[in-house]
Structure formats: C-alpha cells, structure tokens
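In our numbering, the protein residues as written are 23 to 244. Cβ atoms here follow ideal geometry from the backbone N, Cα and C, with glycine treated the same way. What follows is a set of notes on a single structure, which appears directly below.
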C-alpha cells in the first residue's frame, strides 16, 4: 500500500529502491543476529525479521512475478511461523524455560514436538518440498532475471540464515538431553501439525483460484 501511494505522487521519492535496500538490510542483519540469541522465542522472532525483509525486497523489486512471490511468501511465512511458535510455546512449557542452552534432545524427550520443530525449521529455512522454498525461489529467480548482483546478495543472506538456523536446531532437537524428568503438559499439537501440513501441500500444489487471486493482486500492485 505504501508503494502504491508513493508511486501515485510524481513528486515523491521512488519507493522501490528504498524498499529493496531496507529488505536486504533486514535479511542480512537478522542472519547475523541469530548467533547471539539465547532465547528460543527471540531466535524465531529474528527469523520473522528476516522474512519481512524478503517480502519487503520482493515488493520493492516490483513487477507481476516479484509481487506474486512476495504475496506467496507472506502466506507461507505466516503458516510456517505459526507452526513453529505453537511448538516453541509447548516446548517452553514442558521444559520450564526458553533458554536455548537448557533445551536439548527434543526428538528423544518429546518426539512429536521435537520432530515438529525440525519440520518447521526446515520449512522456514526454505528447503523443499515446503511452500517457503517455492516463494523464495520465485524471489531469487525474478531478481536474477533483472538484477543478478542483487540476487547474489539475497542468496548470501538466505544461506547465512539457513546455516545459523540449522546450527541452532541441532542442539535443540538432537543434542544430549539432561537427566531431568520428562514433564507432560496437556496441550494440543493439532494446530502445529495442521499448519505444517498446509505448508507442505502448498509446496507441492497450489489451488488454481488461489494462484489466480495472487496474480490479480500482483498486477494491481504494479
């Protein structure tokens, strides 16, 4: 909406380059900050900054394909991050802490939560066959066709985030668990599984009406 309003004013500064710059800065900044996070919820909050940067960058580039990619990424990120925060909230309850250093071996102590978190992180990191891979691929490919150097910066930022997230995930999911008794908390894992299933299905197949709606909005955004 901001871009459309600015473009409607001939005397205003073109918003596209500004959005591209801010998007890249958000992407790179969040990737670097992953190393310093000691709280599991804050870790994934910084992941949201990364993905807002990707979306802002896509809309800044503009054009039907980049706008389509931005809209798709908004949807895929919302579904995936919701699943992750469902898992993380449950994990913080059963572990009694949000400190990453105190959470180890979830796939052993709480298999459903642990593997759900693994699936969520793999999805949000942009791995196939999840929907985030499709949207990030469209962002990179649409940028590479017009500005190859910018596409390389985006890829570098994505790889930085990918590496740091997997590094953090390794300890959380596959580290050696402590000897504390396993605590059970009555909370449904259905929302987490539902969101992950939707993101997986979106990476394999998107309904025609949804694609048509995204295309229509992408053209309107300019």
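Counted within 10 angstroms of its Cβ, other Cβ atoms place residue i as buried (16 or more) or exposed
i           : result
residue 125 : buried
residue 83  : buried
residue 56  : buried
residue 164 : buried
residue 248 : In this structure the chain extends from 23 to 244, so residue 248 is not present and cannot be described.
residue 89  : buried
residue 95  : buried
residue 69  : buried
residue 43  : exposed
residue 219 : exposed
residue 167 : exposed
residue 190 : buried
residue 230 : exposed
residue 217 : buried
residue 66  : buried
residue 112 : buried
residue 141 : buried
residue 123 : exposed
residue 176 : buried
residue 106 : buried
residue 192 : exposed
residue 226 : exposed
residue 85  : buried
residue 91  : buried
residue 238 : exposed
residue 234 : exposed
residue 198 : exposed
residue 75  : buried
N- and C-terminal bounds of the alpha helix (DSSP H) containing residue i
i          : result
residue 68 : 62 to 83
In DSSP terms, what residue i is bridged to
i          : result
residue 59 : Answer by DSSP bridge pairing: none, since residue 59 is not bridged.
Cutoff 8 angstroms: residue i Cβ touching any chain B Cβ
i           : result
residue 122 : The structure shown contains no chain B; it is built from a single protein chain.
Coil, strand or helix - residue i by DSSP
i           : result
residue 244 : coil
Distance cut-off 7 angstroms: residue i Cβ against heavy atoms of the ligand ADP
i           : result
residue 183 : In the structure shown, the ligand ADP is absent, as is every other ligand, since no ligand is present at all.
Exercise. Where are the beta strand (DSSP E) runs, 3 residues long or more, that stay fully inside the region 191 to 238, in chain order?
Worked result: Qualifying beta strand (DSSP E) stretches: none in this window.
For this session: Let me know the alpha helix (DSSP H) ranges lying completely inside the region 112 to 190, each 4 residues or longer, listed in chain order.
Result: 128 to 131, 133 to 146 and 153 to 166
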